[in-house]
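See below for the structure under consideration.
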Amino acid sequence: MEEVNVNGTRHVIHKCIAANVGCLVFTSTTHVVIPKKDPLFLAAEHLAKSPPKDGYLFGHYGRTKYEAENTCEGSQWN
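Everything in the sequence shown is counted per numbering that gives the first Met the number 0, starting at 0 for the first residue and increasing by one.
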């Protein structure tokens, strides 16, 4: 999962940047979520940061998707 979700995302980002792609749409998963009881649950998506690495993540899959999200957030497009 790490190879596809994290390294694969990084590879796609680098190829998009090299090809001067203007925008990459990344879709994550409900396995990386803020629980409904958290006040940020109803906030606009752009206001919420990813949860802490060990908070609210559901298994290895959730952790790899979290890392992929952080890879996108830290890319040269931001």
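Using N, Cα and C, we set each Cβ at its ideal position, and we do this for glycine too.
{"query": "Test item: CB-CB of Ile12 and Cys71 under 8 Å", "result": "yes"}
{"query": "Residue span of the alpha helix (DSSP H) that contains Val11, given as start and end", "result": "Thr8 to Ala17"}
{"query": "Beta-carbon separation (whole angstroms), Ala67 vs Thr8, contact threshold 8 Å", "result": "4 Å"}
{"query": "Limits of the alpha helix (DSSP H) - the one that Cys71 falls within", "result": "Gly58 to Glu72"}
{"query": "Where Val24 sits in the DSSP three-state scheme", "result": "coil"}
{"query": "Asn88 and Lys64 closer than 8 Å at C-beta", "result": "Nothing about residue 88 can be read from this structure; the chain reaches only from 0 to 77."}
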